[in-house]
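> The sequence shown begins at 1054 in our numbering and counts up by one.
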Amino acid sequence: MQILNSAAPYNLFGLEGQSYEKAKFAVLPVPYDSTVSYGTGSRDGPDAIIKASRHIELYDEVLGFSPADAGIYTLEPLEPDVNGPEAMVKRIAKEVSLIAQDKKVPLLLGGEHTIAIGAIKALADSTKDFSVLHFDAHSDSRDEFMGSRYSHACVMARTKEICKSTYSVGVRSIDEHGYSKYSKDILYMKDMRGMDDEEIAKAISRRMKENVYITIDLDVLDPSEMPSVGTPEPGGMKYNSLMNVISGVLKGKSLVGADISELAPIPGMRAPDYLAAKLAYGLIGRSMLGSRG
1054 MQILNSAAPY NLFGLEGQSY EKAKFAVLPV PYDSTVSYGT GSRDGPDAII KASRHIELYD
1114 EVLGFSPADA GIYTLEPLEP DVNGPEAMVK RIAKEVSLIA QDKKVPLLLG GEHTIAIGAI
1174 KALADSTKDF SVLHFDAHSD SRDEFMGSRY SHACVMARTK EICKSTYSVG VRSIDEHGYS
1234 KYSKDILYMK DMRGMDDEEI AKAISRRMKE NVYITIDLDV LDPSEMPSVG TPEPGGMKYN
1294 SLMNVISGVL KGKSLVGADI SELAPIPGMR APDYLAAKLA YGLIGRSMLG SRG
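Listed below in structure tokens is the structure:
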């Protein structure tokens, strides 16, 4: 029986007939929310992003093409490991390793920001020369927080043990120890306010190797546009600026993987979910610019 006006498939961007074998991008939802220290609910982020994404027009009028044409396959959500955050990081690393072995670009949907550690660890084992570009309101540079070295507040401390080339952008919350130790690898929001998007992108590009992993904590955005996060710091980036900066950075670079994390959906408020979905699609599209000439 033919069903008229059926809903889009339940996958990122509601794509019909997607094949893992033919896809360039493999989407891994990770509904994990264990170490958050203020607002909770990011375990519901992947589902909210997927649901919103099914209503996005696939033609990108800014880029002039449809990023979905590259092939975007959504995997089943990764079941949380209740043995703790370190065990969860290892589970994520194992899954992303398989994606990398298949020569796909992994895109993780969080869940809390801790998910990034596993993905970065997996790619460090298979990619010799890459940088981590970190967009976040917070430095995430504590060595330990609330009894865990794998807290969402420790993401960059662990990342720096894995990858020597890292740069954090949009930071406007950091402890004194982190400020004195890590500031050389941070572009603070207070300094970005005197720069245009092109200048910001150029400053970042100078720090990036040819291969780039992008990790985005959605609280890098201003709460006026992105209130649905655990710790909404005022004075953040705006969506258009973030997209411009990503576009500028990825010109001449290769995206080896990415994650978008910390969306904690607010019931009845759809705009932040939709923004996160558009960000995911825009990130995929901008990663393709170089390959399209």
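From the three backbone atoms N, C-alpha and C, an ideal C-beta is built for every residue, glycine too.
Can you list, in chain order, the residues of its chain whose CB lies under 6 Å from that of G1231, leaving out five sequence neighbours each side?
These residues qualify, in order along the chain: S1192 and S1194.
> Quickly, what does DSSP pair T1180 with across the bridge? List them, please.
Checking the DSSP bridge columns, you'll see T1180 has no partner listed.
> In chain order, what are the residue ranges of uninterrupted alpha helix (DSSP H) at least 4 long that sit wholly in the stretch 1091 to 1178?
Runs of the alpha helix (DSSP H) spanning 4 or more residues and lying entirely within the stretch 1091 to 1178 occur at 1098 to 1106 and 1138 to 1154, in chain order.
> With distances taken between CB atoms, is the gap from T1212 to I1145 smaller than 8 Å?
The criterion of a C-beta distance shorter than 8 Å is not satisfied by T1212 and I1145.
> Please state whether DSSP places V1298 in a helix, a strand or coil.
helix
> Return the bridge partner residues of S1314 from the DSSP annotation.
Note: S1314 sits in a beta bridge opposite D1270.
> Cα-Cα, which of V1265, L1295, C1216 and K1217 is closest to E1252?
L1295
> What are the start and end residues of each continuous beta strand (DSSP E) run of 3 or more residues lying completely inside the stretch 1192 to 1269, in chain order?
1219 to 1224 and 1239 to 1241
> What is the DSSP secondary structure of S1307, counted as helix, strand or coil?
strand
> Is the stretch 1112 to 1127 close to the stretch 1073 to 1085, with three or more CB pairs under 8 Å?
yes
> What would DSSP say about A1079, mapped onto helix, strand or coil?
In the structure shown, A1079 sits in a strand (DSSP, three-state: E or B).
> What separation, rounded to the nearest whole angstrom, lies between the Cα atoms of K1291 and Y1073?
33 Å
> Between V1149 and the rest of its own chain, which residues show a CB-CB distance below 6 Å, the 5 nearest in sequence each way excluded?
P1159, A1172 and A1175
> In terms of alpha-carbon separation, which member of V1115, A1153 and G1283 lies closest to S1179?
A1153
> According to DSSP, simplified to helix, strand and coil, what is L1047?
In this structure the chain extends from 1054 to 1346, so residue 1047 is not present and cannot be described.
> Tell me whether the beta-carbon of V1298 lies closer than 8 Å to the beta-carbon of A1254.
yes
> With a threshold of 16 other CB atoms inside 10 Å of the CB of E1286, please say whether the residue is buried or exposed.
When all chains shown are included, E1286 counts as buried.
> For L1186, which residues does DSSP report across the bridge?
Y1220 and I1267
> Would you list the residues sitting across from M1322 in a DSSP beta bridge?
Beta-bridge analysis with DSSP links M1322 to no other residue.
> Report the residue from L1111, Y1063, P1133 and H1166 whose alpha carbon sits nearest the alpha carbon of M1089.
The sequence given here has Val at residue 1089, not Met. Cα-wise, what sits closest to V1089 is H1166.
> Tell me which same chain residues have a C-beta within less than 6 Å of the C-beta of D1250, skipping the five on either side of it?
S1294, N1297 and V1298
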